[in-house]
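What follows is a single structure, written as structure tokens, with notes after it.
Number of protein chains: 2
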Amino acid sequence: MSKKIITISREFGSGGRTIGRQVAEKLGVSFYDKELIEQVAAKSGLAEKFIEEQGEYSPAQNRFAYAFVGRSINGMSVDDYLWSVQRKIILEIAERESCVIVGRCADYILRDREDVLNVFVHADKQKRAERIVKLYGESSKAPEKRLMEKDKKRAINYKYYTEQEWGKAKNYHLSLDSGEFGIEKCVEIITELAK
Amino acid sequence: MSKKIITISREFGSGGRTIGRQVAEKLGVSFYDKELIEQVAAKSGLAEKFIEEQGEYSPAQNRFAYAFVGRSINGMSVDDYLWSVQRKIILEIAERESCVIVGRCADYILRDREDVLNVFVHADKQKRAERIVKLYGESSKAPEKRLMEKDKKRAINYKYYTEQEWGKAKNYHLSLDSGEFGIEKCVEIITELAK
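Line order of the protein sequences matches chains A and B.
By the working numbering, the letter at position 90 of the first sequence is numbered 90, and the numbering carries on one by one without gaps.
By the working numbering, the letter at position 71 of the second sequence is numbered 1071, and the numbering carries on one by one without gaps.
Following this line, the structure appears as structure tokens:
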């Protein structure tokens, strides 16, 4: 494909991860999400679960990180260390192979490359609420509240590390409403544009 | 087509108007831009040139409107009168026929309809600067400054009348970087998704 790497940023519950996985399958390239986290964990020595939970949240929101106040790894805060390890791994992957990367500010990290297609996937609140209940089940919190909290965290984290606005059309080559078009059509459009 | 109306919001110089016209041609539907302005003018009795210049700018920026301070039409300020006439015409058109409408907050005005596809077209500053110099010629102002001023006005106007953020991916079903994909490809994607 003419675009070597596709990054997918997504609202919680929009199906962005599913879309990313299917695009990777269609294009026959690697898919990085949990896999990426595992690599980060292996390289950084930080517990995998901790990274999974905290990797997309900025220090301001990261309660767990307060337990580490005053601690540092290689002279950095836990969060900044985690960010720098993730960044390094994403740059290495992009250099090495064609792939789809979901989340982790990969669009920003790879901004100096010409061969990256940056996609943002969103959907209206109702459709996302239905999706997360179907996928992750009910919880004591209303699904709308779960959506809001997760998206807010993603937005703050993105802003903290990139100084850009999360979800602003200009930051991406393509933004799609998956609730409007459906997962399949989104996969089709992204695949077509990456070729 | 399953979508009766396509609205196109666009950054200045992104080619959004050209894309809109070509989509309308491909789908065999009406195209509203200057045509819309003419209708507004005819209905409102306001001079066509005035509407063309001021129709997308909010009162706060509208120097010409200061000349009308204290004046009102049908009990409204000139700007609000203009907005209400444009709004009414856009609603009438949407009721009447399939079409492509560029600008004029049509996405917001038609938000209660299910048969509207809302598109945002953007491109990086350099590509837009090249395009406006090519299309409209040089001027005493640097093209980057012309872009910034025009987009700022559109954003303020959009916010004023819609209370929404201009250029935020969530407000549109589809956002496209025309500098990345080219006019032709954008036309193709929009046409495909409208069907």
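Using N, Cα and C, we set each Cβ at its ideal position, and we do this for glycine too.
Source: prediction; values computed, not measured.
Residue-level contact check: B:F1031 does not touch chain A, since none of the beta carbons of chain A fall below 8 Å from its beta carbon. In chain order, F120 and A169 place their CB closer than 6 Å to the CB of A:S175, counting only its own chain and leaving out the 5 sequence neighbours on each side.
Neighbours of A:D177 in chain B, taken as residues at a C-beta separation under 9 Å, are given in chain order as N1118, A1169, K1170, Y1172, H1173 and L1174.
Taking a beta-carbon distance threshold of 8 Å, B:E1144 does not count as an interface residue toward chain A. Considered as a whole, the region 137 to 189 of chain A harbours 174 to 177 as its complete beta strand (DSSP E) runs of no fewer than 3 residues, in chain order. Beta-bridge partners of B:R1111 (DSSP): none assigned. Non-local beta-carbon contacts of B:P1143 in its own chain, meaning distances under 6 Å to residues more than five positions away in sequence, involve A1129, I1132 and V1133 in chain order. The Cβ atoms of B:S1009 and B:D1107 lie closer than 8 Å to each other. Around A:L193, the beta-carbon contacts reaching into chain B at under 7 Å are F1181. Between the alpha carbons of B:D1033 and A:E180 lies a gap of roughly 26 Å.
At a Cβ-Cβ threshold of 8 Å, B:F1012 and B:K1150 count as neighbours. In this structure, B:I1109 is the residue among B:I1109, B:G1137 and B:E1095 with its C-alpha nearest to the C-alpha of B:E1163.
Within 10 angstroms of the beta-carbon of A:G182 lie fewer than 16 other beta-carbons, which makes it exposed. DSSP places B:R1087 inside the alpha helix (DSSP H), whose first and last residues are V1078 to R1096. Counting C-beta atoms within 10 angstroms of its own C-beta, B:D1112 has fewer than 16 neighbours from the protein chains shown and is therefore classed as exposed.
In the three-state scheme derived from DSSP, where H, G and I count as helix and E and B as strand, B:R1104 is classed as coil. For B:V1023, the secondary structure class from DSSP, reduced to helix, strand or coil, is helix.
Comparing alpha carbon positions, the residue from B:Q1126, B:G1028, B:T1191 and B:Y1160 closest to B:L1117 is B:T1191.
Interface annotation, A:I132: not in contact with chain B, CB-CB separation never under 8 Å. At a beta-carbon threshold of 9 Å, the residues of chain B lying near A:I189 are L1174, I1189, E1192 and L1193, ordered along the chain.
If you check the CB distance, A:G16 and A:V100 do not come in under 8 Å.
If you look at B:S1002, you'll find it isn't in any beta strand (DSSP E); DSSP assigns it neither H nor E. Counting the other CB atoms within 10 Å of its CB gives B:L1147 a total of 16 or more, which places it among the buried residues.
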